[in-house]
Amino acid sequence: MPNTSSRREFVKRASAVAGGAALVGAPAFWETAGAAEAIKVGFISPLTGPLGSFGESDPYVLSLVRKALAKGLNVGGTTYSVTILDRDSQSDPARAGQLAKELINSQGIDFMLVTSTPEVVNPVSDACEAAGVPCLSTVMPWEAWYFGRGAKPGAPSPFKWTYHFSFGVKNFFDCYVSQWHELSTNKKVGVLYPNDADGNAIREHLIPDLQKAGFTVVDPGGYEDGTTDYSAQIAKYKSENCQIFNTFPIPPDFATFWRQAAQQGYTKMVKIAQIAKTGLFPDTMEALGSLAYNLASACYWHRNFPYPSSLTGISSRELADGYERTTGKQWNQQIGATMSLFDAGFQALKNSGAPKTKAAVAKALSRLKTTTAVGVVDFTSGPFPNVSPASIIGSQWVKAAPGSKHPLDLVITEHANDAKVPIGAKLRPFS
Amino acid sequence: MTQAQPIVVQRWNVLSIAAVTSLVALLVALAFGPTYLGPNLTDRITTLFIYVILAAMWNALAGYAGLVSVGQQAFFGLGAYAAIRLSNAGINVYLALALAPLIVGAASFPLSALALRLRGGEFAIGMWVFAELAHLSVNLDGLVQGETGTSLIALSAFAPDVRRACNYWIALALMTALVGLVFVLLRSRTGAAIQAIRDNEEAAASVGVRVFATKRLIFVLAAAGCAAAGSLTLSTLISFQPKTYFSVQWTAYMIFMTLVGGLGTFEGPIIGAVIFFVIETIFGASGVWYLVGLGASALLFSLFLPRGIWGTLTDRFGIHLMPVGYRLRFGSGEPR
Chain A
59 MPNTSSRREF VKRASAVAGG AALVGAPAFW ETAGAAEAIK VGFISPLTGP
109 LGSFGESDPY VLSLVRKALA KGLNVGGTTY SVTILDRDSQ SDPARAGQLA
159 KELINSQGID FMLVTSTPEV VNPVSDACEA AGVPCLSTVM PWEAWYFGRG
209 AKPGAPSPFK WTYHFSFGVK NFFDCYVSQW HELSTNKKVG VLYPNDADGN
259 AIREHLIPDL QKAGFTVVDP GGYEDGTTDY SAQIAKYKSE NCQIFNTFPI
309 PPDFATFWRQ AAQQGYTKMV KIAQIAKTGL FPDTMEALGS LAYNLASACY
359 WHRNFPYPSS LTGISSRELA DGYERTTGKQ WNQQIGATMS LFDAGFQALK
409 NSGAPKTKAA VAKALSRLKT TTAVGVVDFT SGPFPNVSPA SIIGSQWVKA
459 APGSKHPLDL VITEHANDAK VPIGAKLRPF S
Chain B
325 MTQAQPIVVQ RWNVLSIAAV TSLVALLVAL AFGPTYLGPN LTDRITTLFI
375 YVILAAMWNA LAGYAGLVSV GQQAFFGLGA YAAIRLSNAG INVYLALALA
425 PLIVGAASFP LSALALRLRG GEFAIGMWVF AELAHLSVNL DGLVQGETGT
475 SLIALSAFAP DVRRACNYWI ALALMTALVG LVFVLLRSRT GAAIQAIRDN
525 EEAAASVGVR VFATKRLIFV LAAAGCAAAG SLTLSTLISF QPKTYFSVQW
575 TAYMIFMTLV GGLGTFEGPI IGAVIFFVIE TIFGASGVWY LVGLGASALL
625 FSLFLPRGIW GTLTDRFGIH LMPVGYRLRF GSGEPR
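As you go down the protein sequences, you meet chains A and B in turn.
Going by our numbering, the first sequence wraps up at 489, each residue one higher than the last.
Going by our numbering, the second sequence wraps up at 660, each residue one higher than the last.
Dropping the structure here:
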């Protein structure tokens, strides 16, 4: 799928350039080319580059969405044909911004959907905000989306066109407290937060809340991404006997740290190893070998979620199974998240009554309250007008049952953020 | 008749007059760009202007002053950062974008005292270290919030058309000013010094060229120029994420454009920038293979066409479009 589309794209670009001067007159043509009954939706995600694992399942989700929209989208009795223009950000923020502008300027999209990490979502959101094109996004901490784009606490929201639903620090807090009460521990938490955006935000907001909730937090201080020696931190956790461990590292750093912790005998005293940011996808976990068994994680979607996709009507379980059947790979949590973006986005288009009118779509987004594959998306009651916090559910990577195709299995162990999500198993102690 | 023919020092010839005239005509035509280019082309051409600035600056640095830097992204990033800071302090956003390069240029002056003491490879690596330092320091700013970054949302106050046209004109003006400055510099007394340093630093010093002062001038110019490119990129992207702006890829692009176009020639980097821009437009969507192709062609050029496209053309045919040098010609009586 991606191959044919990129080849077609290439031919289109090549001929566009060959057309040379003819292009000068083209913009006016583009603008009138879209008939009144056709909606163009842009979709940008990272398919290649360091963030490629986020986009791995997007072509599959897109194929389902396109199938569901093959007969068009019915809005207030009018059927609109829908074209989804999907683009690969190549994990490059500058490219993401450029692609967004190209979709807005030369394709004349009516609506933008974007997902996965600040490197993709923020530049695309900024391009849409600046151009006055409605944009809906997901899968990055909402604080980094809202405050990371220049909004100030206490001031009114500076955004008119961009909306975001995703987890935030508060969701992590609820999830962790519920998860950590499942086992009896000494309530001493060793934290390893890097000196980067996520690390500092978590340090500033999560630690005080954890202390209030009765946990003792041992924080040896921020470390730089790419650190190779963690002996000092490990010694500290050991001397303080931290039975709970929590970290927000980039994947290569976690592998380094966790191996050193095993060599230096810390992993043996850990009852709960709660890792975030790393450990979203099965392939990164498999790389850790047996050290991955019983690592606790938090997920934004799971195949056991009770919600079907509102756009396609496909259940969460069938979404995951379908992916495994089509690709032969193990399901991952991004499948449901990308699907929920289309669910919420097309619901907003329907609610707007006039999907070709950008202001109407933005207004519909601000009033959107709907249930998607990841659960409820609600912009009417968020902490800020453009934000809808989404749930994050405590889970654990466990050794898969014998005979299973994949070495690891992700099971749900708590549901403080959304009680409708069924708990699959009790949290097992790491060691 | 047996006497030696008189020798005339010549700067302009028919070709260079024609070239400069058509360049001026092209610039005038470009100045009206936003009125006849569509929104997308206006945006894209703005990017081309930024590439030309980057290539011309790196060429001035490496091609003329012999300072091979792999840390020019430091100034690119600082330019964008300075614009963010100024705008946040309440200064009009376009004024902030214009002031940023001047501030970075001024800041590079004291840095030059340290950096220019390093030679060759030391300078290259030293600049990279400086770029990393600048990156980490910017990350510490509470406004930037580490790698999360921030956005120049003040720009959203302008209507998209107005903003696009403003960005375009500012980029065009800065490109013309910076490349024009290099042109004027090369034609001036300093230009002779610069070209002497390019050809042989020790020899230049031995005939009384003030090597350090000349190099510092170019260093500061290149810093301000890269900062201008950074602030212009910010004006088109709006998002400021330190990792993007302080990425070594910007220097890699500069090296590519300069190498392909022709290091140490005035016209080369401009040609290199246009080539890079066209390649990016056509092949940019093909991801990894595009980068492999870029790397491979830079490699092939440095192996087989070390003087780049324009350098090879001038060597072979003696064409000089821009009158930056002098040529000796036999007396007017007998044009060769």
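Backbone N, C-alpha and C define an ideal beta-carbon position, used for all residues, glycine too.
So, using beta-carbon positions, are residue i and residue j closer together than 8 Å?
i, j, result
"CYS300 (chain A)", "VAL235 (chain A)", "no"
"ALA620 (chain B)", "LEU372 (chain B)", "no"
"ASN409 (chain A)", "SER449 (chain A)", "no"
"THR396 (chain A)", "ASP184 (chain A)", "no"
"TYR365 (chain A)", "THR430 (chain A)", "yes"
"PRO443 (chain A)", "SER424 (chain A)", "yes"
"PHE383 (chain A)", "ASN362 (chain A)", "Checking the sequence shown, residue 383 (chain A) turns out to be Arg, not Phe. Not a contact, by the Cβ cut-off of 8 Å."
"THR663 (chain B)", "ASP367 (chain B)", "Beyond the ends of chain B as shown, which are 325 and 660, falls residue 663 (chain B); an answer cannot be given."
"ILE142 (chain A)", "VAL172 (chain A)", "no"
"PHE570 (chain B)", "ALA448 (chain B)", "no"
"LEU264 (chain A)", "PHE231 (chain A)", "yes"
"ILE451 (chain A)", "ALA354 (chain A)", "no"
"ARG335 (chain B)", "TYR577 (chain B)", "no"
"ALA407 (chain A)", "VAL119 (chain A)", "A quick correction: the sequence has Leu, not Ala, at residue 407 (chain A). Taking 8 Å as the Cβ cut-off, LEU407 (chain A) and VAL119 (chain A) do not qualify as a contacting pair."
"PHE312 (chain A)", "ASN390 (chain A)", "no"
"ALA96 (chain A)", "SER139 (chain A)", "yes"
"VAL348 (chain B)", "LEU510 (chain B)", "no"
"HIS459 (chain B)", "PRO566 (chain B)", "yes"
"LEU385 (chain B)", "SER393 (chain B)", "yes"
"THR575 (chain B)", "ALA404 (chain B)", "no"
Report the three-state DSSP secondary structure of residue i (helix, strand or coil).
i, result
"GLN565 (chain B)", "coil"
"HIS222 (chain A)", "strand"
"GLN573 (chain B)", "helix"
"ILE470 (chain A)", "strand"
"THR438 (chain A)", "coil"
"TYR650 (chain B)", "coil"
"ALA93 (chain A)", "Low per-residue confidence applies at ALA93 (chain A): pLDDT is 45, beneath 50, and the placement is therefore not dependable enough to give any value."
"TYR492 (chain B)", "helix"
"VAL602 (chain B)", "helix"
"LEU338 (chain A)", "coil"
"ILE331 (chain B)", "strand"
"PRO443 (chain A)", "coil"
"ILE643 (chain B)", "coil"
"GLY433 (chain A)", "strand"
"ASN163 (chain A)", "helix"
"TYR281 (chain A)", "strand"
"PRO593 (chain B)", "helix"
"THR638 (chain B)", "helix"
"LYS414 (chain A)", "coil"
"ASP401 (chain A)", "helix"
"ALA74 (chain A)", "With a pLDDT of 45 at ALA74 (chain A), under the threshold of 50, the modelled position of that residue is not reliable, and the figure given next carries that caveat. In this structure, ALA74 (chain A) counts as helix in the three-state DSSP scheme."
Throw me the rounded Cβ distance for the residue i and residue j pair, which I believe falls under 8 Å.
i, j, result
"GLY632 (chain B)", "PHE625 (chain B)", "6 Å"
"ILE521 (chain B)", "THR538 (chain B)", "6 Å"
"ALA489 (chain B)", "PRO358 (chain B)", "4 Å"
"GLY461 (chain A)", "ILE470 (chain A)", "The pair is not a contact, with the Cβ atoms about 22 Å apart (cut-off 8 Å)."
"ASP256 (chain A)", "PHE306 (chain A)", "5 Å"
Name, in chain order, the residues that DSSP records as bridge partners for residue i.
i, result
"GLN332 (chain A)", "A:ASN304, A:ALA354"
"SER103 (chain A)", "A:ASP146"
"TRP455 (chain A)", "A:LEU468"
"SER672 (chain B)", "No statement about residue 672 (chain B) is possible, as the shown extent of chain B runs from 325 to 660 and does not include it."
"VAL172 (chain A)", "A:ILE102, A:SER195"
"TYR138 (chain A)", "A:LEU131"
"VAL276 (chain A)", "A:GLY248"
"THR428 (chain A)", "A:VAL435"
Could you tell me which chain A residues have their CB closer than 9 Å to the CB of residue i, listed as they occur along the chain?
i, result
"GLN469 (chain B)", "ALA202, PHE205, GLY206, ALA255, ASN258, ALA259"
Run through chain A and tell me which residues come within less than 7 Å of residue i, C-beta to C-beta.
i, result
"VAL612 (chain B)", "THR106"
"SER555 (chain B)", "Within chain A, no residue comes near SER555 (chain B); the closest Cβ sits about 14 Å away, beyond 7 Å."
Please list, in chain order, the chain B residues whose beta carbon lies closer than 7 Å to that of residue i.
i, result
"ALA189 (chain A)", "PRO484"
"GLN301 (chain A)", "Ordered by position in chain B, no residue passes the 7 Å Cβ test against GLN301 (chain A), which lies about 29 Å from the chain."
"GLY452 (chain A)", "What GLY452 (chain A) touches in chain B: nothing, since even the nearest Cβ is about 25 Å away."
"GLN148 (chain A)", "GLY611"
Note down, in chain order, every chain B residue with its Cβ under 8 Å from the Cβ of residue i.
i, result
"SER297 (chain A)", "Result: empty, since nearest Cβ-Cβ is about 29 Å, beyond 8 Å."
Is there at least one non-hydrogen atom of the ligand GTP closer than 7 Å to the beta-carbon of residue i?
i, result
"ALA378 (chain A)", "This structure does not include the ligand GTP; it has no bound ligands of any sort."
- What residues from the region 353 to 377 of chain B come within 9 Å of chain E, judged by C-beta to C-beta, listed N to C? This model lacks chain E altogether; the protein chains it does include are A and B.
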